[in-house]
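In my numbering, the protein residues as written are 11 to 177.
Here it is in structure tokens:
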């Protein structure tokens with residue numbers, strides 16, 4: 011069993027295995043992203059409302075949510091997204107290099123710059139979509155966050171697989 015796990019973790023050629031590992035590593039990076047985002051949206055730069063699904067989850071633990079105006083919520087949404095982006099993107103880079111893709115297509119510092127560049131494009135497109143959902147459709151922060159995450163997932167996988175690493 012140990013040999014099978016080691017083989018799975020080190021296989022960077024099989025596209026199916028690669029996609030499964032990308033999903034697993036992406037799941038870990040997403041947990042980092044969500045944890046940082048919602049902690050900051052709750053405690054540091056308030057971006058949650060009383061009706062937000064995450065707030066209702068916290069309500070089960072009888073925790074207080076600071077109410078803010080829509081303008082402040084929107085500004086704080088962007089601040090929280092930038093902060094969680096830095097943490098989760100670094101997590102994703104390390105995991106992708108270790109377990110998913112073959113590094114070496116570019117020099118390490120170029121690879122890291124390209125990784126952040128692709129992620130930044132995905133971040134801005136996804137966060138802008140979340141912004142529009144908050145601003146014009148009145149979506150809760152949690153739903154806007156989820157839409158941004160889905161857009162980023164699709165853009166990041168494509169960019170990382172075909173432009174940054176040896177696919």
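Don't be surprised by glycine CBs; every beta carbon is placed ideally from N, CA and C.
- For residue 112, the three-state secondary structure derived from DSSP is strand.
- Taking the Cα positions, residue 18 is about 26 angstroms away from residue 129.
- Of the other Cβ atoms in all chains shown, 16 or more fall within 10 Å of the Cβ of residue 170; this residue is therefore buried.
- Exposed is the label assigned to residue 13, since fewer than 16 other Cβ atoms lie within 10 Å of its Cβ.
- Residue 92 sits exposed, since fewer than 16 C-beta atoms from the chains shown fall within 10 Å of its C-beta.
- For residue 76, the three-state secondary structure derived from DSSP is coil.
- Per DSSP, the unbroken alpha helix (DSSP H) holding residue 121 starts and ends at 118-147.
- Put simply, the segment 60-79 does not touch the segment 104-119. Fewer than three CB pairs are less than 8 angstroms apart.
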